[in-house]
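This report refers to the structure that appears directly beneath it.
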Amino acid sequence: MIKNALELFDSMVENYPHLISDICNTFIKKVCLTGFSSIGCVLVEVVLGRGLVLDHAAYNHLITGFCNEKKFPQAFQILDILLERNMTLHVNMCKLLIPHLCQSNLMEKAMVLKQISLSEQSSDSTPVQNTLLIGLCKTGKLYEATTELQQMLLRGIDIWESTFDLMLSEYYRGNDFSLALELLCVMLRRNVSLSISGYRTLVRMMCMQCQIHNALRLKDVMLRDTKYPQLVIFNILIFYLFRMGSSLIVEKLLDEMLEKHLIFDEVTCNFLIYGYYQCKDASKSVVTLNTMIDKNLRPSNRSFRLVIDYLCGSGRLEKALELSRLMEFRGWMHGSVVQNKLVLGLLSSDRLRKAEQFLSQMQVKSLSPNNISYDYIIKRFCEHGRLKMAVELLNVMLKKGNLPSDISYNMVITGCCIHKEFEKALDFHAEMLHKNLVPSVESCNALVCGLCVEGNAYEAERLLGIMLRLGQTPTRDVYQSLVDRYYLDNNLHKVSELLHQMQQIGYVPDFKTHWSLVSNLSNMDCKNNSNNNRFLSQLLSHSGFPMKDSNIKGAVREKGILPLFHGEDCPPVPYNGASIRGRKLVGKMTTFGWNSWREEDRWDVLTGVPHEETQDGGMKKMKAVPKMVVGSL
Numbered sequence: 001m002i003k004n005a006l007e008l009f010d011s012m013v014e015n016y017p018h019l020i021s022d023i024c025n026t027f028i029k030k031v032c033l034t035g036f037s038s039i040g041c042v043l044v045e046v047v048l049g050r051g052l053v054l055d056h057a058a059y060n061h062l063i064t065g066f067c068n069e070k071k072f073p074q075a076f077q078i079l080d081i082l083l084e085r086n087m088t089l090h091v092n093m094c095k096l097l098i099p100h101l102c103q104s105n106l107m108e109k110a111m112v113l114k115q116i117s118l119s120e121q122s123s124d125s126t127p128v129q130n131t132l133l134i135g136l137c138k139t140g141k142l143y144e145a146t147t148e149l150q151q152m153l154l155r156g157i158d159i160w161e162s163t164f165d166l167m168l169s170e171y172y173r174g175n176d177f178s179l180a181l182e183l184l185c186v187m188l189r190r191n192v193s194l195s196i197s198g199y200r201t202l203v204r205m206m207c208m209q210c211q212i213h214n215a216l217r218l219k220d221v222m223l224r225d226t227k228y229p230q231l232v233i234f235n236i237l238i239f240y241l242f243r244m245g246s247s248l249i250v251e252k253l254l255d256e257m258l259e260k261h262l263i264f265d266e267v268t269c270n271f272l273i274y275g276y277y278q279c280k281d282a283s284k285s286v287v288t289l290n291t292m293i294d295k296n297l298r299p300s301n302r303s304f305r306l307v308i309d310y311l312c313g314s315g316r317l318e319k320a321l322e323l324s325r326l327m328e329f330r331g332w333m334h335g336s337v338v339q340n341k342l343v344l345g346l347l348s349s350d351r352l353r354k355a356e357q358f359l360s361q362m363q364v365k366s367l368s369p370n371n372i373s374y375d376y377i378i379k380r381f382c383e384h385g386r387l388k389m390a391v392e393l394l395n396v397m398l399k400k401g402n403l404p405s406d407i408s409y410n411m412v413i414t415g416c417c418i419h420k421e422f423e424k425a426l427d428f429h430a431e432m433l434h435k436n437l438v439p440s441v442e443s444c445n446a447l448v449c450g451l452c453v454e455g456n457a458y459e460a461e462r463l464l465g466i467m468l469r470l471g472q473t474p475t476r477d478v479y480q481s482l483v484d485r486y487y488l489d490n491n492l493h494k495v496s497e498l499l500h501q502m503q504q505i506g507y508v509p510d511f512k513t514h515w516s517l518v519s520n521l522s523n524m525d526c527k528n529n530s531n532n533n534r535f536l537s538q539l540l541s542h543s544g545f546p547m548k549d550s551n552i553k554g555a556v557r558e559k560g561i562l563p564l565f566h567g568e569d570c571p572p573v574p575y576n577g578a579s580i581r582g583r584k585l586v587g588k589m590t591t592f593g594w595n596s597w598r599e600e601d602r603w604d605v606l607t608g609v610p611h612e613e614t615q616d617g618g619m620k621k622m623k624a625v626p627k628m629v630v631g632s633l
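With the first letter of the sequence shown counted as 1, position 92 gets the number 92 in our numbering; the numbers rise by one all the way through.
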């Protein structure tokens with residue numbers, strides 16, 4: 001592209017050599033306006049390399065182009081070239097560059113441009129000065145802005161109304177009330193009109209400083225200026241007086257407004273409703289809202305919300321419903337708070353059917369906004385056993401593009417489980433995962449236990465796996481339900497795996513189930529000579545017992561199986577179908593067996609009676625072991 005541009009430039013210079021300066025400026029201007037200022041820089045270098053001279057116009061075009069392309073460092077480089085060569089810089093370039101120089105903290109260059117505009121003694125110096133002042137304010141350099149303002153006032157330079165507004169706003173942000181008052185005095189002495197924005201800022205600061213008297217005086221000053229509607233001036237003052245809790249002064253202002261025959265508009269009434277509510281005088285909010293409706297003025301959503309909240313909270317549910325019917329008749333939207341408050345009031349008075357009819361009416365007449373949220377009343381409907389309505393509300397939120405909370409989903413899943421609608425519960429569970437919501441342990445517990453009761457162990461175990469992948473710790477009931485289900489299905493391998501998982505997490509499996517499993521596996525193990533005959537040994541090993549081995553002596557020498565004691569007499573312990581006598585085994589009791597052995601205790605495996613070794617290597621029978629409670633195992 002650069003090559004083509006240079007070829008075109010050369011052809012134009014060759015055909016019109018006497019217009020070379022104009023051709024250069026025009027060509028560079030067109031290139032910069034089309035967003036190719038970098039190509040313009042290349043053309044400037046080529047022209048200078050050929051010994052041609054360019055005036056300030058070409059550089060001004062480059063600065064404009066780079067600023068339009070948001071390439072401010074390049075624009076600043078062109079500015080440096082102009083300043084070094086003492087070339088003329090147009091005032092418009094100063095106005096264009098000063099805000100960006102302030103933002104880049106290049107204050108020295110910004111001041112240089114200001115001096116350039118002043119040295120020209122041009123009428124355009126006022127825009128440059130105001131631009132500099134605005135740039136200083138926007139970049140938070142309030143001290144420099146104040147100094148510059150003082151110099152402008154000394155030179156008699158006009159200050160724009162927007163500049164005053166911005167400085168007042170910055171003084172408010174800096175919480176510098178004294179400087180704001182000084183600036184106001186300057187404006188009044190110079191007969192500068194205070195804008196509505198500046199008036200709002202000053203009233204807010206005065207009310208925050210509890211200088212209500214000054215705020216009232218400022219209102220009088222603004223009323224003398226017929227530039228702005230008087231009602232707007234009163235409305236602003238009413239709003240901030242209410243925020244200070246000065247409702248009595250507001251009443252005086254209302255009397256003054258009536259004396260001036262000012263008619264309250266929607267803004268005035270909405271401010272009054274909000275203000276009375278904030279000042280704990282919500283009964284006047286109700287009166288004001290009724291007055292608005294009588295005058296065919298539409299209250300804001302906030303006004304409806306506050307009045308409905310007050311009526312429901314004060315036990316005046318019928319009044320709230322009456323207001324809702326009036327809103328419904330006029331086709332006014334019922335926001336989330338309005339619907340939630342009314343429904344909760346109906347549910348609290350056990351009017352469940354009425355609550356459902358109300359919500360259905362909202363959908364039929366399209367009176368629900370797009371940002372509706374039913375999260376809390378979904379929970380309440382589930383608590384009241386109204387699962388169908390809870391699901392409908394959840395679907396309404398989804399249709400309007402609002403994501404229900406995880407609490408809503410979990411409540412619906414639990415409700416589906418209570419009503420034995422497990423397929424629907426699984427759908428909501430999958431939907432939660434798809435929307436990156438995490439099902440709660442409680443809802444998963446209800447779903448897994450319910451699926452196990454229904455005989456769907458496969459889905460139940462799949463949900464258990466999801467819980468583990470999500471980093472959740474399943475409850476003991478989850479494991480026990482799956483164990484019971486697989487035990488009933490005679491899937492003893494799965495039972496063994498789950499019991500092992502329970503022990504790894506720290507849960508104590510049900511003793512009855514565990515011992516029944518061991519008994520069944522023992523009988524099956526004796527009858528089965530296939531590859532599964534080591535399964536019982538593996539289960540016992542998981543529970544703390546040693547692995548069964550064909551070499552009985554070697555196995556018992558390292559570890560042995562001890563009996564579970566049920567009384568004073570301890571039966572002999574079979575090991576692979578045979579009893580072993582005389583082996584001295586040492587063990588430590590665990591939940592389901594003995595898995596570590598101690599030197600101080602010796603046991604006769606056949607009798608189960610403890611022995612201790614004598615000095616000559618013989619064995620002396622010890623006292624029988626006390627009775628142990630099975631449940632403690």
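No residue lacks a Cβ here, since even glycine has one placed at the ideal position from N, Cα and C. Just so it is clear, the structure is predicted and the values come from calculations on it, not from any experiment.
Quiz item: When burial is assigned at 16 or more other CB atoms within 10 Å of the CB, is V250 buried or exposed?
Solution: buried
Exercise. In angstroms with no decimal places, state the Cα-to-Cα distance between E383 and L194.
Key: 58 Å
Exercise. Look up R190 in the DSSP assignment and say whether it is helix, strand or coil.
Key: coil
Quiz item: For S348 versus I378, is the C-beta distance shorter than 8 Å?
Solution: no
Exercise. In the DSSP assignment, find the alpha helix (DSSP H) that holds P99 and state where it starts and stops.
Key: V91 to Q103
Quiz item: Run through DSSP, which three-state label would P73 get?
Solution: helix
Quiz item: For the alpha helix (DSSP H) that M107 lies in, which residues bound it at each end?
Solution: M107 to S119
Quiz item: Helix, strand or coil: how does DSSP classify N490 here?
Solution: coil
Self-check item: C-alpha distance - I23 paired with I81, whole-angstrom precision
Solution: 21 Å
Self-check item: DSSP state of L183 mapped onto helix, strand, coil
Solution: helix
Quiz item: Taking just the CA atoms, how far does G135 sit from A180?
Solution: 18 Å
Quiz item: With DSSP run on the structure shown, which of helix, strand or coil describes K584?
Solution: Confidence is the limiting factor: at K584 the pLDDT is only 37, short of 50, which leaves the residue's position unreliable, though a coordinate-based value still follows. Three-state result, K584: strand.
Exercise. Compute the distance between the beta-carbons of L342 and I308, then report whether it is under 8 Å.
Key: yes
Quiz prompt | Endpoints, alpha helix (DSSP H) assigned at L438 | solution = What sits at residue 438 in the sequence shown is Val, not Leu. Element bounds for V438: n/a, residue is neither H nor E.
Exercise. State the DSSP-derived secondary structure class of T64, mapped to helix, strand or coil.
Key: helix
Self-check item: Selection from H56, N68, K95 and Q103 that minimises the alpha carbon distance to E84
Solution: H56
Exercise. Kindly list the residues whose CB is nearer than 8 Å to the CB of C102, restricted to its own chain and excluding five residues on each side of it in sequence; keep chain order.
Key: A110, L132, G135, L136, K138, T139 and K141
Practice problem: For V221, count neighbouring Cβ atoms within 10 angstroms of its own Cβ and tell me buried if that reaches 16, exposed if not. | Solution: exposed
Self-check item: C-alpha gap between V478 and G506, whole angstroms
Solution: 14 Å
Quiz item: Using the C-alpha atoms, what's the distance from P474 back to Y486?
Solution: 17 Å
Quiz item: Quick one: Cα of K420 to Cα of D350, how far?
Solution: 25 Å
Quiz item: Just how far apart, CA to CA, sit I273 and K252?
Solution: 17 Å
Self-check item: Classification of N395 by the beta-carbon crowding that lies within 10 angstroms, buried from 16 upward
Solution: exposed
Quiz prompt | Helix, strand or coil at R469 [DSSP, three-state] | solution = helix
Quiz item: Among A430, E431, E454 and Q472, which has the Cα closest to the Cα of E442?
Solution: Q472
Quiz item: Taking the C-alpha atoms as reference points, what is the distance between C67 and H61?
Solution: 10 Å
Quiz item: What's the C-alpha gap between G401 and N370?
Solution: 8 Å
Practice problem: Report yes if the C-beta distance between R380 and L344 is below 8 Å; otherwise report no. | Solution: yes
Quiz prompt | Residue burial classification, Y458 (beta-carbon count within 10 angstroms, cutoff 16) | solution = exposed
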